[in-house]
Structure formats: C-alpha cells, structure tokens
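Enquirer: Could you have a look at this structure, given as structure tokens, before my questions?
Residue numbers (our numbering), protein chains in the order written: chain A, 2 to 225; chain B, 2 to 225.
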C-alpha cells in the first residue's frame with residue numbers, strides 16, 4: 002500500500018506516521034507545509050521524523066498564508082496568550098487545514114497515491130469546526146470529485162475520535178521518538194514549558210505517567 | 002449585497018463581474034491568484050478590469066504552484082499544443098481550481114463575505130471534472146463546514162451551463178470591455194491569434210457575428 006501523510010513535526014502527526022507504518026506497511030510519502038510559521042523549527046523536526054521513520058519521500062510545499070489576510074503582527078489583538086495567538090493566525094487565515102489537505106492531495110495525485118492520512122485529534126474538534134470528521138467527509142468527497150481522473154480517494158483521520166492523551170499512550174507503545182517532535186509555540190529548544198502548547202503536551206505525558214524526553218526551560222516534576 | 006469574485010483577467014470572469022454588477026449590485030471584492038502563470042500579463046488585465054468596473058477592493062493572492070509538482074519545463078511532454086500544454090500545468094498541479102476557490106473563500110471570510118462568484122463555463126466542464134457543478138456543490142458544502150463559524154456560504158457559478166459563445170453574447174449586451182481582457186496563452190499583446198485560447202476566443206466572437214476589440218498578430222476576416 003502506498004500512502005501519503007501530512008506531517009507537521011508535532012506529536013499527533015508523528016504518532017500517526019508510526020501508526021501507519023505499523024498498520025498499513027508500504028511506501029509512505031510525507032508532506033510538510035511551509036506556511037512561514039512562526040515556529041519554523043517544526044519543519045526541521047518533521048524532516049528528522051521522516052528520516053527516522055525511513056519514509057519513501059518527504060516533500061515540503063510552500064504556502065504563503067500572509068498573502069491572504071492581515072498579519073497577526075499588525076493586529077490589535079496581538080497581546081493574547083500563545084495558543085489563542087496561534088489560533089488567531091488560523092482565524093486571520095480561514096480554511097488553513099483545508100488548504101493544507103488540498104495541497105497534500107494535489108501532491109499525492111502527482112505521485113499516484115490515493116490514501117492520505119492526517120492527524121486531527123478529539124481535543125481539536127471540540128474547538129475547531131475544521132477538525133471534525135463531518136468536515137473531512139465532505140472534503141474527501143470534494144477531492145474525489147475534483148481530481149483529474151475519476152478514481153477513489155480516501156482521506157484518513159485515524160485519531161479524530163481519540164483524545165491527545167490516548168494518542169500519546171499509543172505513540173509510547175509504538176516507540177515514537179518524541180524527542181524529535183516539536184510542540185513549543187515559542188519555537189524554543191529546550192521548550193519554554195509555559196505556552197499553551199507546552200502545557201498541553203506536559204499534561205498529556207503526565208496523564209500517561211511518563212516523562213517527556215524533551216528538555217524544558219523550567220523544572221518539571223515528572224513521574225519517577 | 003457584498004460579494005467576492007474570482008477574476009482571472011480572461012473573458013469569462015470579466016463577463017461574470019459585469020453580470021454580478023448588474024444583477025446583484027453592491028460591494029464587489031475581486032480576487033486574482035498570482036500562481037506564477039506563464040501569461041502573467043493576465044494579472045495586469047484583471048487589475049484593469051477591476052478598476053474599470055469600480056469594484057470595492059481588488060486583492061491578489063500568491064500561490065506558488067511550482068512547489069507542488071514538477072515543472073512542465075522539465076517534462077518530457079513539453080512539445081504539446083498550447084491548450085494541452087496549459088492543461089498539462091493543471092495536470093501537474095491537480096486541484097488548481099479547488100485551491101483558487103479555497104484561497105478566495107478564505108479571503109472572503111476575512112472580509113465577512115458569504116457569496117463567492119466564479120465563472121466556469123460549459124465548454125470547460127466537457128473536459129475537466131473540476132469545472133462541473135457537482136464538484137462545486139461539494140466544495141460549497143466543504144467550505145461551509147470548514148469555515149471558522151457556522152454560517153451560510155454560497156459558491157455561485159452563474160455560467161456553468163452556458164457555452165462560451167453565449168457568455169460572450171451576454172457580455173456584449175452588458176458592455177464588457179473585452180479590449181482589456183487577456184486570453185492569449187503566449188502572453189502576447191497584440192494576441193498571437195494562433196494558440197488554442199486565441200482560436201477559441203476568435204470563434205466565440207465570430208459566432209456572435211462581432212469583431213473582437215483586441216488586436217491580433219495575424220489578419221482575421223471579421224464580420225463587417
């Protein structure tokens with residue numbers, strides 16, 4: 002089986018990569034989107050994850066989201082907490098996930114691949130409409146209808162009903178090298194440990210009674 | 002009514018702009034996609050059309066399609082006729098229309114606009130799956146489901162069942178300034194008159210027993 006997978010460099014898509022490798026072995030083609038993200042370091046970790054997993058190819062597609070809307074840097078709402086600030090970027094640029102998936106699907110078609118994996122998790126869809134399976138069902142249909150030739154196209158979201166804590170539990174079982182994933186919104190290594198993304202990550206490891214292999218700028222009392 | 006319209010600089014979207022202006026008067030926001038097209042001159046004409054129509058705003062969004070697939074310039078099939086060559090670009094980059102519409106919809110959302118007009122014509126959908134209303138129905142639904150907030154979103158294709166000849170007939174009635182549209186794949190002004198796009202354009206004017214206001218590099222026996 003030949004599959005494509007949208008790899009951000011974060012924990013969820015990394016776990017998805019190891020999950021696909023185990024459950025649907027074959028040629029895996031990973032795709033990262035360089036959207037000039039503030040924490041660009043995640044692109045480096047995506048590439049490292051792809052190399053570690055030994056994927057068939059790793060492709061970076063560029064999309065300058067700044068050209069669509071106003072820049073958060075010029076927005077009056079700049080002084081919001083990190084996670085909201087991050088989401089603000091998505092609010093300034095609606096349909097970000099849809100654009101990422103469509104770009105990945107376009108690349109998948111050029112490679113004659115009919116199965117694309119993405120890793121939204123349940124924690125996401127509580128807040129964001131474009132992380133729900135209802136949306137991805139429709140998008141899968143649109144991609145099928147808009148493809149150059151009439152052929153099956155499948156958009157897989159294996160973790161859409163799983164909480165992040167359960168995804169990490171699965172990843173720990175699968176041996177995902179979380180030390181080469183990136184989460185911190187501040188783009189820091191060691192991670193800041195204070196932004197919403199770091200906080201959520203730390204909580205997910207704590208809930209699994211495991212120590213995160215990442216280094217943090219702050220002291221954390223990991224389970225012994 | 003506030004509307005957005007995807008304006009390429011070609012005849013169909015120009016006609017659509019004048020049609021919207023007549024049938025749905027109000028604030029019109031035009032959007033062009035700079036995808037590093039070979040005939041970039043069409044972007045200049047899109048801007049001129051927007052100015053002539055007196056639209057509220059004209060936005061250019063950049064999308065580097067080259068980053069998705071291989072370049073036609075390195076493709077073994079380079080020596081194909083102009084129209085197929087043009088389509089080859091779309092084949093190398095699948096979902097081009099879907100990306101354009103999604104980018105335009107993203108911009109529309111930032112402007113709080115819920116109605117987006119695009120101008121596929123019947124001649125297109127004979128050949129291309131992503132020019133059929135079935136596809137746009139699905140895409141409209143996906144855009145509705147993926148939008149930041151739950152609210153109606155309408156993707157209008159007023160010409161989808163009209164042949165190009167009928168669209169031009171309509172445009173002639175509406176007084177569309179076809180002299181500031183661009184069609185030639187070679188990017189020439191005066192137009193080459195030989196490429197598939199020019200040929201199709203000339204035929205559409207001939208069928209309407211009208212003279213095209215554009216200048217051509219070749220002699221053409223227009224109806225007197």
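Quick reminder that beta carbons are idealized off the backbone N, C-alpha and C, glycines included.
For residue 28/B, name the three-state secondary structure that DSSP assigns.
Expert: DSSP places residue 28/B in coil when its eight states are reduced to three.
Enquirer: Give the DSSP-derived three-state secondary structure of residue 155/A in the structure shown.
Expert: It is a strand residue.
Enquirer: So what does residue 114/A bridge to, in DSSP terms?
Expert: None, per the DSSP bridge assignment.
Enquirer: When we look at the beta-carbon of residue 37/A and count the other beta-carbons within 10 Å, is it buried (16 or more) or exposed?
Expert: By the 10 Å Cβ count, residue 37/A comes out exposed.
Enquirer: Do residue 182/B and residue 15/B have their C-beta atoms within less than 8 angstroms of each other?
Expert: It is a contact, given that the beta carbons lie within the stated cut-off.
Enquirer: Could you give the C-beta distance for residue 120/B and residue 13/B, rounded to a whole number, given that I count them as a contact under 8 angstroms?
Expert: So it is a contact: roughly 4 angstroms between Cβ atoms.
Enquirer: Taking only beta-carbon positions, decide if residue 43/B is within less than 8 angstroms of chain D.
Expert: Included in the structure are the protein chains A and B, with no chain D among them.
Enquirer: Answer with yes or no whether the minimum CB distance from residue 107/B to chain A is below 8 angstroms.
Expert: It does; some Cβ of chain A falls within 8 angstroms.
Enquirer: Quick check: is the beta carbon of residue 149/A nearer than 8 angstroms to any beta carbon in chain B?
Expert: With 8 angstroms as the cut-off, residue 149/A counts as an interface residue toward chain B.
Enquirer: Classify residue 102/A as buried or exposed, calling it buried when 16 or more other Cβ atoms lie within 10 Å of its own Cβ.
Expert: It is buried - the Cβ of residue 102/A has at least 16 other Cβ atoms within 10 Å.
Enquirer: For residue 123/B, which of 160/B, 141/B, 99/B has the nearest alpha-carbon?
Expert: Checking every option, the nearest Cα to that of residue 123/B belongs to 160/B.
Enquirer: Pull the bridge partners of residue 33/B from the DSSP assignment, please.
Expert: 61/B.
Enquirer: Check whether the Cβ of residue 125/A lies closer than 8 angstroms to any Cβ atom in chain B.
Expert: No, residue 125/A lies away from the interface with chain B (no Cβ there is under 8 angstroms from its Cβ).
Enquirer: So for residue 67/B, helix, strand or coil by DSSP?
Expert: Here residue 67/B sits in helix by DSSP.
Enquirer: Just the C-alpha distance for residue 62/B and residue 32/A, rounded to the nearest angstrom, thanks.
Expert: Rounded to the nearest angstrom, the two C-alpha atoms are 23 angstroms apart.
Enquirer: Using three-state DSSP, classify residue 192/B as helix, strand or coil.
Expert: Strand.
Enquirer: Under the three-state reduction of DSSP, which class applies to residue 73/B: helix, strand or coil?
Expert: Residue placement at residue 73/B is flagged as unreliable, the pLDDT there being 30, under the threshold of 50; a coordinate-derived value is accordingly withheld.
Enquirer: Just to confirm, are residue 47/B and residue 100/B a CB contact at a threshold of 8 angstroms?
Expert: Not in contact: residue 47/B and residue 100/B (Cβ atoms no closer than 8 angstroms).
Enquirer: Do we get a CB-CB distance below 8 angstroms when we pair residue 31/B with the residues of chain A?
Expert: No, residue 31/B does not count as interfacial toward chain A.
Enquirer: Please list the partners that residue 94/A has in chain B, where partner means a Cβ-to-Cβ separation under 7 angstroms.
Expert: Neighbours of residue 94/A on chain B, chain order: 107.
Enquirer: Am I right that residue 167/A and residue 184/A are in contact with their C-beta atoms under 8 angstroms? What's the rounded C-beta distance?
Expert: So it is not a contact: roughly 17 angstroms between Cβ atoms.
Enquirer: Given a cut-off of 8 angstroms on the beta-carbon distance, is the pair residue 58/A and residue 25/A in contact?
Expert: Not in contact: residue 58/A and residue 25/A (Cβ atoms no closer than 8 angstroms).
Enquirer: Enumerate in chain order the residues of its own chain whose CB-to-CB distance from residue 213/A is below 6 angstroms, with the five nearest sequence positions on each side excluded.
Expert: Here the set comprises 206.
Enquirer: Examine chain A for any beta-carbon lying closer than 8 angstroms to the beta-carbon of residue 10/B, and answer yes or no.
Expert: Not closer than 8 angstroms to any Cβ of chain A, the Cβ of residue 10/B fails to qualify, so no.
Enquirer: Do residue 95/A and residue 105/B have their C-beta atoms within less than 8 angstroms of each other?
Expert: Going by C-beta atoms, residue 95/A is not nearer than 8 angstroms to residue 105/B.
Enquirer: Here's a check: name, in chain order, each residue in its chain whose Cβ is nearer than 7 angstroms to the Cβ of residue 56/B, leaving out the five neighbours to either side.
Expert: 29, 30, 31.
Enquirer: Please look up how many angstroms separate the CB atoms of residue 188/B and residue 179/B, rounded, as I've assumed it's under 8 angstroms.
Expert: Contact flag wrong, Cβ pair sits at about 17 angstroms.
Enquirer: Assuming the contact rule is C-beta atoms closer than 8 angstroms, residue 146/B and residue 130/A should be a hit. Round their C-beta distance to whole Å, please.
Expert: The Cβ separation is near 7 angstroms, so the contact holds.
Enquirer: On the CB-based measure, 16 or more other CB atoms within 10 Å of its CB, does residue 135/A come out buried or exposed?
Expert: The residue is exposed, with fewer than 16 neighbouring Cβ atoms inside 10 Å.
Enquirer: Exposed or buried, which one is residue 210/A when buried takes at least 16 other CB atoms within 10 Å?
Expert: Per the 10 Å Cβ criterion, exposed.
Enquirer: Between residue 4/B and residue 116/B, how many whole angstroms is the CB-CB distance? I'm expecting something under 8 angstroms.
Expert: Contact holds; Cβ gap of about 5 angstroms.
Enquirer: Per DSSP, which residues does residue 217/B bridge with? Please list them.
Expert: According to DSSP, which records beta bridges pairwise, residue 217/B is partnered with 192/B.
Enquirer: Output, in chain order, the set of chain A residues within a Cβ distance shorter than 7 angstroms of residue 131/B.
Expert: Result: 147.
Enquirer: Locate the alpha helix (DSSP H) running through residue 8/A, then write down its first and last residues.
Expert: Where residue 8/A is concerned, there is no enclosing alpha helix (DSSP H), given that its DSSP letter is neither H nor E.
Enquirer: At a CB-CB cut-off below 9 angstroms, which residues of chain A make contact with residue 142/B?
Expert: The answer, in chain order, is 139, 142, 143.
Enquirer: May I have the straight-line CA-CA distance separating residue 118/A from residue 19/A, to the nearest angstrom?
Expert: Rounded to whole angstroms, residue 118/A to residue 19/A spans 12 angstroms at the Cα level.
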